[in-house]
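There are 2 protein chains.
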Amino acid sequence: MYSLEFCNNRLYYLDQTQLPLKENWRECKSLKDGCCAIRELQVRGAPLIGVFAAYALCIGMKNFSLSQKIFLKQFHNAVNYLKSSRPTAVNLFWALERLEKVVIRYSANTVSQIKKAVVQEAKAIHKEDIQLCRRMGEYGVKLVKKGYNILTHCNTGFLATSGEGTALSVIFSAHKKYRDIHVYVDESRPLLQGARLTAWELVKKKVPYTVICDDMAAYLMQQGKVDVIFVGADRIAANGDTANKIGTYNLAVNAFYHKVLFYVVAPFSTFDLGISSGKDIPIEERSHDEVRIVFGKAQITPKNAHVYNPAFDVTPAKLITAIITDKGIIRPPYRKNIRKVIASN
Amino acid sequence: MYSLEFCNNRLYYLDQTQLPLKENWRECKSLKDGCCAIRELQVRGAPLIGVFAAYALCIGMKNFSLSQKIFLKQFHNAVNYLKSSRPTAVNLFWALERLEKVVIRYSANTVSQIKKAVVQEAKAIHKEDIQLCRRMGEYGVKLVKKGYNILTHCNTGFLATSGEGTALSVIFSAHKKYRDIHVYVDESRPLLQGARLTAWELVKKKVPYTVICDDMAAYLMQQGKVDVIFVGADRIAANGDTANKIGTYNLAVNAFYHKVLFYVVAPFSTFDLGISSGKDIPIEERSHDEVRIVFGKAQITPKNAHVYNPAFDVTPAKLITAIITDKGIIRPPYRKNIRKVIASN
């Protein structure tokens with residue numbers, strides 16, 4: 081199962097804003113299409129955004145000049161344009177910078193050859209992402225026991241990556257190994273990626289699940305109904321501080337209080353070792369209507385109500401039991417161990 | 081401002097399920113109307129339910145037999161019928177039992193005289209509720225300082241009581257005293273009493289506010305943006321354990337972790353000294369569609385998604401800084417001090 085397809089130099093994607101009600105595939109025909117799709121969350125999930133942006137650049141690049149000087153300028157502008165779509169997830173920047181490096185590496189070649197190399201690199205990023213997901217699943221499943229009740233937040237599966245997912249990859253692996261696991265799904269207000277997307281994925285994969293409102297998770301933990309929490313990440317600083325979907329920090333504090341295991345699952349591309357701690361991670365604030373009008377349909381506040389809508393929060397490393405990556409499980413002390421595992425590769 | 085009116089032996093109420101979009105007043109013409117209004121949350125809020133149920137009994141009683149034997153049976157059945165509407169809030173039981181006591185006290189009189197006495201008692205409960213709210217506001221305001229950012233959950237104002245409210249009464253008093261306070265309003269999923277009702281009340285009273293999703297409160301506390309939390313209660317056990325709207329416990333844990341003051345505000349009628357601890361408070365579970373279909377309009381999960389929907393949770397006394405009542409502020413040790421303040425009156 082997948083939510084993005086690059087085929088005959090054309091890019092197709094599942095419009096996630098319509099799920100779970102409609103499975104609507106669209107084509108990204110231009111840089112602008114790509115940028116809008118990311119900004120409007122038709123495509124979301126840190127790793128998927130990286131892969132999608134790389135392909136969107138390939139689509140946009142089709143019409144760029146064959147004069148190398150002009151091409152380089154157009155390419156650079158396109159990268160900056162795509163980078164402007166969302167500020168928090170680092171995979172977006174990572175993927176685009178990887179394509180820029182290819183352009184530099186091939187600068188002695190013709191523009192046609194450069195374009196070909198860029199497309200190859202985008203495909204390589206895509207293929208790698210699928211493998212990274214598999215590896216995270218393999219490492220993470222070691223932390224799950226038979227009959228576990230697993231809680232997760234937001235969406236981290238095949239709608240958030242081009243493979244099986246990050247946190248959900250662990251859950252899918254655990255479901256394959258032990259058929260009797262059960263998943264509590266935080267609905268994940270305001271955009272309800274848990275209720276809309278994760279529940280949809282779990283239905284597709286036939287994994288037993290229960291949707292809860294975000295403010296019910298603590299009550300479940302109080303009752304001893306949660307064995308472990310797996311969440312994804314949008315950016316991880318050098319000290320392990322983790323930016324992820326708003327509500328993750330709330331969960332982490334409750335996990336700490338209730339002594340519930342709290343794991344972050346993310347590929348190496350989510351780490352930003354240039355950032356010392358979570359304080360330096362920019363937090364995107366989004367439209368107030370995302371809170372005021374649920375799923376674009378139900379107005380739940382007085383008109384023009386005052387609203388605060390940060391899209392992410394930062395969970396300090398001290399609340400994280402371990403970080404599961406494609407390169408292995410990283411435990412505290414994070415600054416040292418992240419450098420060892422991530423920087424050395 | 082008020083949400084209920086008993087006038088010429090007729091009972092009118094504001095249908096809260098339509099707010100904030102429509103201000104729709106209805107008449108309760110029968111016991112069945114009353115029971116449905118409570119069950120469907122057209123009327124909600126622990127103290128308001130008590131007053132409303134008392135009046136609904138007065139309405140139902142109009143058609144009861146003038147034969148005392150039959151009247152007593154009808155009255156008793158009506159009390160049980162109204163009690164069946166919601167299980168968690170104790171004020172409902174308290175108000176109905178108070179009317180039953182009047183019936184017993186007047187059993188030597190004619191049915192007409194009993195009916196008159198019951199209506200007088202219902203009016204007394206109503207009048208007292210207004211005074212209790214005022215007193216809670218007066219005690220609670222002492223805990224607020226100039227410029228405070230106050231966070232609240234669910235709705236506890238003139239839509240939840242027949243007066244100014246419990247937690248919101250404190251906030252309204254604080255706003256009167258210091259014009260510069262500001263209120264963060266938890267939207268309070270699944271039924272959004274914060275986003276729909278509290279925001280509406282704060283607009284009406286011109287109190288500065290900001291609506292947030294429930295999973296954002298922890299992030300606000302992490303940033304030092306919350307000085308104090310005031311919440312209401314549906315039932316308080318003899319040891320101080322407090323049942324309140326689902327999500328309250330989540331907040332209390334976060335308040336504890338972030339060293340934010342956490343106050344419960346409730347009148348004496350919310351205490352259930354017959355219950356030793358929170359473990360014995362029955363927790364109502366409500367329809368799954370309340371989670372699946374937001375505000376009856378936006379389906380946010382796959383069809384027939386598995387859902388868990390407890391309407392309340394229990395916050396252990398150890399997480400509560402103090403309980404503000406109409407009889408004063410109660411601090412730990414709660415078992416001793418609750419008995420002293422509540423039982424002695």
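In the order they appear, the protein sequences are chains A and B.
81 is the number of the first residue of the first sequence in my numbering; add one for each residue after it.
81 is the number of the first residue of the second sequence in my numbering; add one for each residue after it.
The beta carbon of each residue, even a glycine, is placed where N, CA and C say it ideally should be.
Item	Value
Between the CA atoms of F173(A) and T97(B) - distance to the nearest angstrom	46 Å
I446(B) - partner residues in DSSP beta bridges	Because chain B is modelled from 81 through 425, residue 446(B) falls outside the range shown and cannot be assessed.
Cα-Cα separation between Y329(B) and Q303(A), rounded to whole angstroms	12 Å
Three-state secondary structure assigned by DSSP to G320(A)	coil
Short-range partners of chain B found in the stretch 275-300 of chain A, where Cβ spacing is below 8 Å	A275, R276, A279, W280, V283, P288, Y289, T290, V291, I292, C293, D294, D295, M296, A297, A298, Y299, L300
C-beta contact flag for I234(B) and Q273(B) at 7 Å	For the record, residue 234(B) in the displayed sequence is Cys; it is not Ile. Yes; because the gap between Cβ atoms is below 7 Å, this pair is in contact.
Extent of the continuous beta strand (DSSP E) to which R90(A) belongs	90-94
Terminal residues of the beta strand (DSSP E) in which A202(A) lies	Here A202(A) belongs to no beta strand (DSSP E); instead the alpha helix (DSSP H) covers 191-220.
Cβ-Cβ distance between A247(B) and V224(B) below 7 Å	no
Stretch pair the stretch 342-361 of chain B + the stretch 292-311 of chain B: three plus CB contacts closer than 8 Å	yes
Chain A contact for F401(B) (CB, 7 Å cutoff)	Before going further, note that residue 401(B) is Thr rather than Phe in the sequence given. For T401(B), the answer is no, since every Cβ of chain A falls outside 7 Å of its Cβ.
Residues bridged to H255(B) (per DSSP)	For H255(B), which the question treats as bridged, DSSP gives no partner whatsoever.
Cβ shell of K195(B) (< 7 Å), same chain only, five flanking positions each side left out	M141
Range covered by the alpha helix (DSSP H) that runs through A297(B)	297-302
Opposing strand residues paired with R276(A) [DSSP bridges]	Answer is none; R276(A) lacks a bridge partner.
Beta-carbon proximity list for F252(A), same chain, < 8 Å, skipping 5 on both sides	G217, G237, E244, G245, K285, V287
Contact residues within the stretch 367-388 of chain A, judged by C-beta distance below 7 Å to chain B	V371, V374, F375, K377, A378, Q379, I380, T381, P382, A385, H386, V387, Y388
CA nearest to the CA of D260(B), picked from E177(B), I230(B), S349(B), I418(B)	I230(B)
Short Cβ contact (7 Å threshold) for V387(A) with P270(A)	no
E177(B) classed as buried or exposed, judged by whether at least 16 other C-beta atoms fall within 10 angstroms	exposed
Own chain residues within Cβ distance below 8 Å of I292(B), not counting five before or after	Y264, V265, D266, E267, L300
Pairwise C-alpha distance: N143(B) and S349(B)	29 Å
Interface residues of the stretch 320-354 of chain A facing chain D [CB-CB below 9 Å]	This model lacks chain D altogether, as its protein chains are A and B.
Within 8 Å of chain A by C-beta, residues of the stretch 247-268 of chain B in sequence order	Y264, D266, E267, S268
Nearest neighbour of A335(B), chosen from R366(B), A378(B), A402(B) [CA to CA]	A402(B)
Minimum C-alpha distance to P167(B) - residue among R366(B), I210(B), N89(B), R276(B)	R366(B)
Residue range of the unbroken alpha helix (DSSP H) whose run includes D369(A)	369-372
Own chain residues within Cβ distance below 8 Å of I355(A), not counting five before or after	R315, A317, A318, I361
Whole alpha helix (DSSP H) elements within the stretch 116-162 of chain B, 4-residue minimum	126-141
Whole-angstrom distance between V374(B) and E103(B), CA atom to CA atom	19 Å
Any C-beta of chain A under 7 Å from that of L137(B)	no
Residue-level contact to chain B via CB, P167(A), 7 Å cutoff	no
Boundaries of the alpha helix (DSSP H) in which E180(B) is found, first to last residue	170-185
Start-end ranges of the beta strand (DSSP E) lying completely within the stretch 345-424 of chain A, minimum 3 residues	392-395, 402-405, 408-410
As assigned by DSSP and simplified to three states, the class of E281(A)	helix
Reference Y289(A); option with closest CA among K203(A), W280(A), N88(A)	W280(A)
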